[in-house]
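Chains as they are written, first to last, in our numbering: chain L, 1 to 318; chain E, 319 to 636; chain Y, 637 to 954; chain F, 955 to 1272; chain S, 1273 to 1590; chain C, 1591 to 1908. In what follows, a structure is listed as structure tokens, so that the remarks can point back to it.
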């Protein structure tokens, strides 16, 4: 088996240690590492190059199994060259290399374009003068909010602090410095402020085949309270966040992160500390996903995604 | 107007600065300060003594307006000596002093007895092998849990950390050292663990005339989630937590505490930090209050309380 | 059988034709007619007087069977003189007449006092800056709102027009001329405005023994929507609105009023027009009743009422 | 220790083996056995008689711990003779014997009167032409339905078969032979027929201090479905069904009955068969209890019961 | 810029003043005006004709921005001739004119066919003997109801009067004269009659990309009450009511109509009158849309619509 | 008209009398009968053969109108040979016969493959250590549960007995003998055990175009309780269970089965016994369908099914 390039290993290490964060950043870094591997490969035939890059992509994808966007991007970059999924076999080594690099560069452009479209569509969903509640930090969400603000909509934002890592403070700082009146609360104060809220808007880590949202711990409670109080709850997400693996059964259990993020275990002898990274919001609690292809009902994300990018059926047919 | 005794002033200062905490502790300290004032008073007539002690009681009660237990205790201690509320006028100075001191000493005994009864009744509500979710720290709640544990019920407890002041860690430490398997989670993980929970049990800061619970921020969300998932939600509370003032309209707004408990405002320029101390859980989300007079529906607390202690009708009749 | 006095007949006719409206006005008019009958009676013995007044009271009560306040008032005025309900038999004719007139005059004073107390307690329930949704016209409700306004609370009010008789316009006119910013909507727009509403406040025609509210058609929907959106829903009602007959089963069906109030039947040949006057709001959708004895859970109104006025048990025991 | 009389033993045995069934029948049989023991006692002093009867009552009460009506009746019969609960000490043996027998005879009269009143009040709750869904067999429920039928209300009834013992067939047979149009369904068809149902009416095994209903397995689901579809759900129950022990925590776990009632375990090797006799319906799913003291909110049953019969406080005070 | 034809201007004026009403009528009138413009055009080239007709279509579409059916129809009529959306460029002036006129005539046939299919599919959804509640006036709804009636289904209909313009009276008159037993109620009586209702059926002004229904004010409350009482709620709507603009964010705010429709503002000095024309019913409260392509879940309307007519992706790809 | 072959008649008779049960078994038997008819046909031309087989297929389909799987399979087997639905006309008799037999053999393979895939995908949805509640008997459900068990997931299963025919006992026996800890309960005990349940899993008789599930009576209540307690509810179903007829309105009413399955009518004189075979679970109460094409939201089954097999539009176009 071929050894991985040093740059690829470095990217893997950064993703594992969370030095690279955010679904889009992780996908971008993985794609760049794949591009580097394509450029510096010593393979002699197109087949050898694709084999080598497949190994590289698999290693990158394994660095964070809960990131469908990275996985989807790496798969898209390679699979159109595999005859068995209906792809076109490249004839020369250079054609193969060129094709992969084109895909990677096209991914970056599409990602930037998607980001801009979601900001545009999302801003339209926010009424004049609305108070928006958000959770954790998502650059897609802050892009929507800043855009709505620049459109003169006079919005206000309430951010939860988002324990254990306080990413809500990043959101609060970013929005406040953009001139948006911003309030910070502890996570457990959501019900107390909910009556002043007009809509809830969060990002997404992944979307399942039945339309559920995988996102930062606390999202499910937020969606539930919003649902019961008849408020709209949106998740802003590129369709690439759709996780095709969920079609075949949910295989990734919710990641448990280090207890020390919550409290110093030595100060709590005998106490077990649970630190789940995400929770699962059912489709029925979600008004719509704001995607680059429009504002869509959660139950139709799978049908929509299957129109826009290829989902290889493990079982050999689509 | 008479100056307050130095000891009374010291108690007031400790209550204000939270050096004395917990409804029962605060009530006890206030009653002891009143007792000290009774003992050291230089009043010459029973009327003068009662006037002096009324001033003292009012000053103590004002040190934390959101503590009905202290207020109720101080009122009970004095009002039976006022003819206008149907009391019996003491004939001599010593009789008046003695009567007040008896009331104070009786309060302490009754408070201890109530505590024991609630622990007893509460433990019976906890089924064999149950997993109990609790929030914040309440010595009544931990007494119930420890008692159920000593009865061999093999319970497990999940504690929220309870931002901003992390009182949940105190609960976790106390229960774990009592030998109860204890888990700590961040506040926003409640929905993720709820399906493993058999019942929710919290304390109480106050109970209103329509049966609502005033308790630590986050309680309302917890009760709401439990209600929707058809789990029992109990609050353990002495009837003295019933706040008669709520009968005449809720006059105390939810206290906003110091923003610095949540985050350093200098690190979040322009961001408004809201830090509400309590929230209000509606009666319909509460299965029952566990009181020293039994396990009762929230809607009947007012009727029950009116049987057990005197509620002076501001309007001159009962 | 004795014929009714002409004044009594006139009052009955005015009540039947709705020239006298509003629970309190109707009760007052009936009590005054009873007083007139007492004053002008030619009875020769106390027994004869009471027999005569009982007939008068029954005739008045029958003029609108859905008015428990009138019925309760008339019963209170007489029954303490009947030995069989534990009353004290008056010894002379003049003593009997005097006693009845005293009761009537005391009723008016108590009614005025209750009205003032409800306005006071109700105003305290309304938060600073709140937007209140109301339905139909109730002088108790407008008294609460005007009081909250005079306290400087900067409230806003939304009134439904309240088909078929548009009583909401009366409310809107009254509040607007009191300086309160007031908005009028059609009844079916309640859900559209609900998210801007902080609490709902209505009056009451009657309260049943299980805490249900009988009130103007549309109230049940309003309470239901408020309940599901987690808003407080209050009914302002004197305890005299409690209908003891409901203890023995709900005997008065909802009154169907004249179809012509809804539309001209000649323009709708063959169409059946239903015009129910009231609907029934279940206790679970009501946060609390605002009464002259405080703000109480709907489920405890019966217990409370039984403390404050005598409920004669038809079956011979209490 | 004194041996139990043979008649008492026979009654205990019949209760244990279910040859005597139904809360009222069980209570009646126990009271008759107590009466027999009073009559045939060889005690020489009033104190000895009471001691003997207390032992007898305890043994009877223990024959079915989930029957509060029997327990309440036996307690009432004796405890007014015990000085420590404020009773009056009987002076002679005959006075003691007489007093107990009077209590027993008065219990039977009161029970019959309560039964008639509940039938009366309950029939008034049933609207003209209503379709009523019921579960299991309760003679109180069938008395209400037959009375409504005789009043010419043209009701229809749907009975569940009520597995495992098919008591619903008894109900169906009884109502059908009374001329009421009756339909039988399997238990799991309740949701399919619910839209044709106007109200649900069941009996009661016990009522807890927070207003919950203990009744035949399946009742909780029925109440839940009725609640969500906004239908009224009533339980017809004498106040004697109120279980004062629940005030001190629910101490009787739900009885598990013989697996063979469900299926022949030999035909299902290795399969565990659960056969819970009752379930617990929360107060919020119950519209009202129809009692001999009127139609009351479940949350106020405790307050009401405490007005009508004495609840000895285990802790020495009321 | 070319001036608009006089006939086009007249149609625009009629649409604006509501002299032409109902989505289908408005679309038909706009298409006829477009046809007239095509016939009478003086354009010399196919390109000039298409440019002229595009201007005409835009002007017509702008006459009521909340009518997606008209907008969709006009777009369909023209866009297949634009190369940039994959259309086929017409070669001659006459070919272009012919093609547009063919599209317009085909639209009318398809609309009539859709209407018949919806009536057919809708009638099958209505069970024998059902009571149907409807709101406002929709010719599609009355077509379904009349068809079910002619099939001998013995249905009954309840119509709300539908304030402020009382369109419910039109519905009542139309159904009653078709021989259907019809009842009229005020809008706020919906909850009172709901228990006698078997299903709710309304029309549609527009459908959004996440499946929400835009319809006459009051629809959202009706759907909400039906949802909570577990009744089916259908909207009958051609797929052309789907509004593709909502994919890119909801851009049309709910239209506020003239206050004078509600009440004479001069009689209500200082009162603000809100008169929203529509409200928004969330997808979760809608059982299904009855369309010409079958009875479909609201969440899949977007996926379905994208199969049946072309939605030009603003962003250049589908 | 041609007479049916004896084998076909025998199959029809077995299906009607329930000797062949289960959607897959019924479909398989019908396909085999069709194959036999193809093999033994005396037709002389391909047209004659197809005509003959169409008659045979219609007769088989009519033997149980509530089985969409059989209907879909028979339609698939023939319709690709009909020119009018875009099929290819076979040129020779033998080509026609061969083609039909190939379709039949391919159906069996695909059915077996689908079964295996659903077991695979379904097993992944079941968490480690989960307690699963199931209803009735479905070989697809037991395949999923056995597979999860073999994967070492340490699951437990609770089976309802499923009145009136006790199919739950079959499920219990099958799972217990596979080594899975299994519990049997009466149908009405579902709410009592629900809190120990982690997910609910049932089979399917049919799926409608708006995503509703037709399944054994009792399923709707189960789904409803699971929904309200926030538990996942899955139905395992081949896409062939999708019933395209529902697109055009629900035409098959719920089958009423023989009253004698419930009770002996002679023992219940005058009692009407209702025995509905199925009930209808709305899409909103279903988390997802587990299909051979993945785990999908109920609202998108129609869109998905329309991708995987041809739905002939009755109205002549797709």
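Where a beta carbon is used, it is the ideal one built from N, C-alpha and C, also for glycine.
Backbone CA spacing between residue i and residue j [nearest angstrom]
i: residue 489 of chain E; j: residue 621 of chain E; result: 32 Å
i: residue 1168 of chain F; j: residue 468 of chain E; result: 28 Å
i: residue 878 of chain Y; j: residue 743 of chain Y; result: 16 Å
i: residue 706 of chain Y; j: residue 660 of chain Y; result: 8 Å
Where the alpha helix (DSSP H) through residue i begins and ends
i: residue 1122 of chain F; result: 1121-1131
i: residue 1374 of chain S; result: 1365-1397
i: residue 861 of chain Y; result: 855-864
Neighbourhood of residue i by C-beta, 7 Å cutoff - its chain only, sequence neighbours within 5 removed
i: residue 90 of chain L; result: 46, 81, 96, 99
8 Å CB neighbourhood of residue i in its chain, flanking five on each side removed
i: residue 624 of chain E; result: none
i: residue 377 of chain E; result: 322, 326, 330
i: residue 1628 of chain C; result: 1639, 1643, 1687, 1690, 1691, 1694
Neighbourhood of residue i by C-beta distance below 6 Å, restricted to the same chain and skipping five residues each side
i: residue 1526 of chain S; result: 1548, 1550
i: residue 380 of chain L; result: One cannot answer for residue 380 of chain L here, as it falls past the ends of chain L, which runs 1 to 318.
i: residue 1303 of chain S; result: 1345, 1376, 1379
Any chain E beta carbon closer than 7 Å to residue i
i: residue 1819 of chain C; result: yes
i: residue 1158 of chain F; result: no
Minimum C-alpha distance to residue i - residue among the options
i: residue 186 of chain L; options: E/411, E/534, E/513, E/452; result: E/534
i: residue 882 of chain Y; options: F/1075, F/1132, F/1087, F/971; result: F/1075
i: residue 332 of chain E; options: E/362, E/380, E/361; result: E/380
i: residue 1448 of chain S; options: S/1431, S/1559, S/1461; result: S/1431
Near the ligand ZN: residue i beta-carbon under 6 Å from a heavy atom
i: residue 606 of chain E; result: The model on display carries no ligand, and the ligand ZN is accordingly not part of it.
Chain L within 7 Å of residue i, Cβ atoms only
i: residue 622 of chain E; result: no
i: residue 1887 of chain C; result: yes
i: residue 1483 of chain S; result: yes
i: residue 1704 of chain C; result: no
Minimum Cβ-Cβ distance from residue i to chain S less than 7 Å
i: residue 235 of chain L; result: no
Opening and closing residue of the beta strand (DSSP E) in which residue i lies
i: residue 214 of chain L; result: 213-216
i: residue 1140 of chain F; result: Segment: none, residue 1140 of chain F is in no beta strand (DSSP E) and carries neither H nor E.
i: residue 296 of chain L; result: 294-296
Residue-level contact to chain F via CB, residue i, 7 Å cutoff
i: residue 612 of chain E; result: yes
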